[in-house]
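Undergrad: Heads up: the sequence lines are chains P and G, in that order.
Heads up: the first sequence at position 409 corresponds to 561 in the numbering used here, and the numbers run straight through without jumps.
Heads up: the second sequence at position 60 corresponds to 449 in the numbering used here, and the numbers run straight through without jumps.
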Amino acid sequence: MTNYANATGVPDGTVASLAVGGNFVLDLGSVLPAGTIVTIKYASANTTAPLQVEVSPDNNGYTNVAQVPGNTVGTTYSLYLPFDTEFIRLTTTTTAYTVDAVTYTSYTCVSSPVASCTGAGQQIVSYQKGAAAVTNTSGTITYTANNLKASTGVQNSSWSYLQNNSSITLDLGTLVSAGNTVNIYNGTYQYVAGSSVTAPLQVLASADGVTFVNIAQISPFVHSGPPYNTTSIVTLPINAQYIKLQTNATGYYVDAVTYSTYTCVTSPVVSCTGNQESVSYQTGTQSIGTATGVTTPTNALGVADGTLASMPINTTLTMNFATTVAAGNTVAITYSAADLASPLQLLVSVDGVTYTNIAQLAQSTTLMTSYVTLPVAAKYIKLETTLTAYSVDAATYTSYTCVSNPTTVCGPGQQAVAVNTGAVGTAGTVTGTTSPGNATGSSDGAFAAMAANGILTLDMGSVVPGGTSLSFTYKATNTTTALQVFVSTGNSSGPFISIGQLSPSTTSTTQTLVLPVSAEFVQLQTRTTPFSIDAVTYPQYSCVTSANTSGLVFFDANVNGISNSTEAGIGGVTVKAYDANGNLVATTTSSYGNPGLNTPAGYYVFTNLTAGQPYRLVFSYPERPELEESTYGPDNHGAVQYVLGATQNHDFGMYVPSTLCSYSGDTRLVTGSGLYAGATSSVFSYQYYDRSAIVQQVGATQQSAVPASQTQDLLPNQVGVPLGLASQRGTNLIYMSPISSNLASIFPQAPDGSSAIYIANYNAPDGSQSFQNYKLLMKLSDLGINVGSTSTSLGGNSFGVQGLGGLDFSEDGKTLYVVNMYNGKLVQVDVSGVDYNNLPATKPSNAVELTPPSSLANCSGGVWRPAALRQFGGKIFMGGVCDAEISQSTSDLKGVIVSYDPSTGVWKQELSYPFNFNGGGGIIPPSSAASATFDYGVGGGKSQKSWSSGADVQPVLMDLAFADNGTMVMGVTDRLVYNAATSGGQTGYILGAWKNTDGTYSLENAGKLGPYTTTAAQHAEIASEGPGGKWFFNQSFYYCCHTYTFSGGVFIKAGTNEVVIGAVDPGHTGSFGTEYLSLLNGSPQYGVPQAVGIAKLSRITGAQQVCDATPSIEIGDRVWKDSNGNGIQDPGEPSLAGVTVQLADAQGNVVATAITDADGNYIFSNQPNLTSTSSRLYNLPITATAPYVLSIPSLGTDASTVGVSLTAVTQAPGETAGATNTGLSAINNDAFLVNGIPTIKLNAPGPAITTIPTILGLPPKRPLATLSGTMRMPTGSRMPMSWVYPM
Amino acid sequence: MQVLVSTGTLSGGPYTNIGQLPASTSQVERGILLPLGAKFVKLQTTGTAYSVDAVTYPSYVCVTPQSTTCPTGQQSVGVVMGAVTLRVRR
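(1) Decide if the stretch 1059–1071 of chain P is in contact with the stretch 1001–1020 of chain P; the criterion is three or more beta carbon pairs, one per stretch, under 8 Å apart.
(2) What residues in the stretch 419–430 of chain G have a beta carbon less than 9 Å from any beta carbon of chain P?
(3) Can you give me, in chain order, the residues of the stretch 436–454 of chain G that have a beta carbon less than 7 Å from any beta carbon in chain P?
(4) What does the alpha-carbon distance come out to for the pair P:I1038 and P:R1017?
(5) Excluding the 5 residues flanking P:I189 on each side, which residues of the same chain have their C-beta closer than 8 Å to its C-beta?
(6) Who are the Cβ neighbours of P:T304 in its own chain at under 8 Å, not counting the five residues just before and after it?
(7) Starting from P:Q793, trace the beta strand (DSSP E) both ways and give me its first and last residue.
(8) Look at the alpha carbon of P:G1162 and the alpha carbon of P:G1026, and state the distance between them as a whole number of angstroms.
(9) Taking only the alpha-carbon atoms, compute the straight-line gap between P:L539 and P:A493 and give it to the nearest angstrom.
(10) For P:Y815, name the three-state secondary structure that DSSP assigns.
(11) Need the endpoints of the beta strand (DSSP E) that P:Q1257 sits in, please.
(12) Closest Cβ-Cβ distance between G:V473 and chain P: below 7 Å?
(13) Output yes or no for whether 7 Å exceeds the beta carbon distance between G:G471 and P:V162.
(14) Along chain G, in chain order, which residues have C-beta atoms closer than 8 Å to that of P:I440?
(15) Could you give the distance in angstroms between the alpha-carbon of P:Y1228 and the alpha-carbon of P:D1350?
(16) Could you spell out where the alpha helix (DSSP H) holding P:P1005 opens and where it closes?
(17) Determine, for G:T414, whether the minimum Cβ-Cβ distance to residues of chain P falls below 7 Å.
(18) Are there 16 or more other CB atoms within 10 angstroms of the CB of P:D503, so buried, or fewer, so exposed?
(19) Give the straight-line distance between the Cα atoms of P:D982 and P:K966, rounded to the nearest whole angstrom.
(20) Under the rule that 16 or more other beta-carbon atoms within 10 Å means buried, what is P:Y841, buried or exposed?
(21) What is the residue span of the alpha helix (DSSP H) that P:P868 lies within?
(22) Quick check on the DSSP output: the beta strand (DSSP E) that includes P:Q1242 runs from which residue to which?
(23) Could you name the residues of chain G that P:C554 contacts, counting a contact when the two beta carbons are closer than 9 Å?
(24) Just to confirm my understanding: we take P:C269, look at its own chain, exclude 5 residues before and 5 after, and list those with CB closer than 7 Å. What are they?
(25) Around the Cβ of G:E418, are there at least 16 other Cβ atoms within 10 angstroms (buried) or fewer (exposed)?
(26) Flag this pair as yes or no: are the beta carbons of P:S810 and P:Y838 separated by less than 7 Å?
(27) Which residue marks the beginning of the beta strand (DSSP E) containing P:F706, and which one marks its end?
(28) Taking Cβ to Cβ, would you say P:I685 is nearer than 7 Å to P:L665?
(29) How about P:T573 and P:T609: are their beta carbons less than 7 Å apart?
(30) With 7 Å set as the bound, which would you pick, yes or no: does the beta-carbon of P:L1408 sit closer than that to a beta-carbon of chain G?
(31) Kindly confirm or deny that the stretch 724–734 of chain P and the stretch 683–697 of chain P touch, where touching means at least three C-beta pairs closer than 8 Å.
(32) Could you tell me the distance, in whole angstroms, from the CA atom of P:Q1096 to the CA atom of P:G1181?
(33) Contact criterion: CB-CB distance below 7 Å. Does P:A1417 meet it with respect to chain G?
(34) Out of P:S1324, P:L875, P:P352, which one is the CA nearest neighbour of P:S384?
(35) Note down, in chain order, every chain P residue with its Cβ under 7 Å from the Cβ of G:V417.
(36) With DSSP collapsed to three states, give me the class of P:Y910.
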């Protein structure tokens, strides 16, 4: 009797036995078209003879299409069907086979389940819901919780064990639509000693509980010991309410089957208007409800303070926020677990009766904080343990307020100055504190001593306005727990709100907190760590006599026209002052900052302008062509300003359009990484600001978790391992070039070869930038580009001498550039016609190679080997090294960065420096046998070697990134790591080059980067390494084990003042991930593990954010009274307020109408993230390719317009009536009368205008044609209008 | 082992020697690029005995891969399907 029928159906561990010389035929049920992939799961008795595969459409004539090789362990074999096929005949000759199944994949299109949130400021939030009931079982099932509910509900490590040939059917409680995913939390292990784990778990789905469809097979995961958590995600191909899990030859544990529930919630982050900015603080729970079995439950009240409530297994802790926290807010739970067996359940409720389970918090045996966005409103928090005991520090939510910088505005001839003012005395509760009076007044070195659990309440003397920065000067006895800071507005006995925690420091330090609310009383509370308090002060402003005319030039990274506290000042900007007669009377330059003189970066000052007299200030920055004027706003008054002498706060905001990525702030960060020790994904992504799993201090406790938002997006058999990553702005697409090396175990070749370029799609329907899918863009070899092959090598190493390097886009996103490492050329590809949804039909049809002049690198004794590529300010920067491969002399080894300007075709050397310092790798400790194998950065750095010598470190300039101030950060890795799995210096280093006022770059030296001096502590063994004997950037964030941790990938997000690098051990000794470092002092901010416990040598290869925005278009300027009728905005001529300005398209359709503000200003913009006012209108449907018409139908009734005639428009010199305005001048009148209405005709800011010449000292603008489609109307295009008194 | 090929319609030849396969005591697979069209292959041994399993050539056809493309707002879901029935042995 045969068992051939066991080969039907999907893999289930039961097999058909095919003896020598046997065959059988399987009917696939219908004719499958040629091109279908068929997979055979089988094993053989030996490997002598293959299994013959014949196919037929009708069970008559058969064609032999494959010979499947023998495999005694058991494997799968896949083949493309070359013909239409319904019947498959398997035939053995001299070797016996067993066959489990012959399968194919049937694809169907189903709706994406995630609805888009359409409300303003809304975001989508999901949480898991578990099965409501068990409806049926078969076979033998045992339960750890001894009841049928073990597999209902969400993941809680309460298991059902399905023995062989058993099933359980779960009712999800509602019909879940096709396209949704179900999470199956399951585990397997060798239940009976000696038994094999062979058969998958079958997943069947049904809408009615009667007719089931097999939708997936979950592969077994062999693990000794108790059930091991495995989560399998299955997308439903049909609508389903019932899920049946069926075992065959292998028993499985099942914890839960869940599905996602999606809701749209409103983000609680307050959008502040005017010159206010948002400040947040944490608020904890106020009272305890149920706490049966919990030890010291009140320790979980309030904010995180290091005191813990202990929750044994199977206990519940309920706490009350005392206010209903809206859905969309974020709650933070700080806790630790006794072991990793079972998650902590988080439930919330608004009434304390009906709770919703919204999250299962990740297990961590070290104290961590998990952040959960509330899908529903919550007043009560319930925490539940099951099989793992937990310690809970706090549950808090984030409150937001809008505050103003309380700087006083002074009149002409005066200036606001700040005096640090301290507390006037103690008030209210003071306990456990010796000499409390020492904490009053300003800092004087005399301390109030607070014991553990002490309280010190201070009276600041008057209500200090919200937005003020409070400074705390203090020190701590140890670094165990933080100092808690609370404030109260008007009563020394409270109520107090927590505004933050001050980190303990055993040396005297000063830290600041911004007051989110106005407050007179400050209360400090210690926990287990005693603190000494010197002073609590705030700046009190007053007006003093001053001749200064001043302001701040700032980098407006978020393009909102407000100088936010995190945005840096810009030095080197020239400011010229003209008097009412147009005479240049003074010139100054903004400062790079001088901490010794307390001069902030960006500050400029004139000391010789006459108080109260009118002036025109004109800002210029000819050596920073990448900068553009930011949007007009409360702090940005434009590149041309009309001011009175001896007045202040004439600020000017700029940004770099080429780095603008998104207006939402928190973009998705994508990293490429190799494979090592179990890592399987080559593309990861997470939210840039996800701090749910970080390590914040050098040498801190290890972080075992990975970011909650992290996903593993792509596998190497899909896209290889990306080396270059580039964001095409406004598309949510990431283009990727694969690394090519002969180290296939860590860097597998891309399936389409080393010239392939792929696109990862993060354009999620809900706007979340979650990964969707990927496509092959093209193979450059198809366009005649030769990138060599891995047989091309230098010193036995194929990396760096073939394949593709970094890639990036032109500023307009229409041209793709990529490094050809085979010949050192720059490949230029026109991608303007690429439509992701219509690939490969729209793939590029040609590519050209540009050759950098060899004189730029000027290598001797070797070849320039570029790998890095990054566009900044429109220029394409290529970074490489002179490899000294011929001379083998380290003196010939140098790093060279060149640039290519697509607008002019000009190449330029930007930086050249010698590798005459130690860095990267490390020295093998002779006493460590383990390190003799794994030499990845222990001890001092190595001297850098020429390529081909076979020794490490052979420097590769792997990646480039540019900061807001023009600083260039370079990542250098060791070429040997791309050729050897575990030998060689596995890590490299990062270093910076400062952009000078004249546009040249200077390499960091002796720990200094331009005006900045490092404060980054270094491991003692490398403290005297780097250029000039000291590094600027911290090279070894996680101190415990390694002196150098950079592994590749450098990224800078505009406006953050920090650089993100790929690293080994970013906070855990067995991890790889990212580290965030300050660009202002090189010190580490925090580390983010991407994978823990495995894969530390997987090596990040590149990093880039996903971009959903392009620079906005802005039309507008000012309406003023041209008192002298010369058509020029002269200093002192008054603004016209309340004037109606209309924007219409070329057909006369009104787009929007604005009313000028008190300064005569009006703005029309398509920028989406700003709040419109009557004078500033945003989020308008303005495009860069259409002409527009501005007109003034009414002057309004404001007093400033009295006596002004609508038709008395002056003509400016150089302007021609009726002509389209060219925006040649920022200070003249552009309007003419058309049908009796003042009108300005605007051309499209794209191709129709080619250049804008220099005017009034403003720098020349780049040709606009290169920016068409995404162009911000440049400063010179703002369109003033003017009127004169009737003649 | 000598490899000869013939383009004729009959197996009688004439044959052209196009390559020599190196000896191997374990089973191996070697490829030879045909320098001329051939219908018949003749294998000749001299001083060493050989065992021959098969002489094959790849046959290429163009097929259309399964589509996983869906309209906007939809996604492709794959379900693994197995054989439906066992058919009469042939």
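Positions of the beta carbon are idealized from the N, C-alpha and C atoms, including for glycine.
The structure presented is a predicted model; accordingly, all values stated were derived computationally and were not measured.
TA: Once the coordinates are examined:
(1) yes
(2) none
(3) V450, V452, T453, P454
(4) 13 Å
(5) S230, L231, Y232, L233, Y256, T257
(6) G282, A283, A284, A285, V286, L322, A408
(7) 792–796
(8) 23 Å
(9) 7 Å
(10) coil
(11) 1252–1257
(12) yes
(13) yes
(14) Near P:I440 there are no residues of chain G at all, since even the closest Cβ is about 45 Å away, more than 8 Å.
(15) 52 Å
(16) Unbroken run through P:P1005: none, as it is neither H nor E.
(17) no
(18) exposed
(19) 6 Å
(20) exposed
(21) 868–871
(22) 1236–1244
(23) Result: empty, since nearest Cβ-Cβ is about 37 Å, beyond 9 Å.
(24) Q275, I276, C416, D918
(25) exposed
(26) no
(27) 701–707
(28) no
(29) no
(30) Note that P:L1408 has pLDDT 24, beneath the 50 cutoff, so the model's placement of it is unreliable and the number below is only indicative. With 7 Å as the cut-off, P:L1408 does not count as an interface residue toward chain G.
(31) no
(32) 15 Å
(33) Note that P:A1417 scores 21 on pLDDT, short of 50, meaning its location in the model is unreliable; the coordinates nonetheless yield the value given after this. Not closer than 7 Å to any Cβ of chain G, the Cβ of P:A1417 fails to qualify, so no.
(34) P:P352
(35) Ordered by position in chain P, no residue passes the 7 Å Cβ test against G:V417, which lies about 13 Å from the chain.
(36) strand
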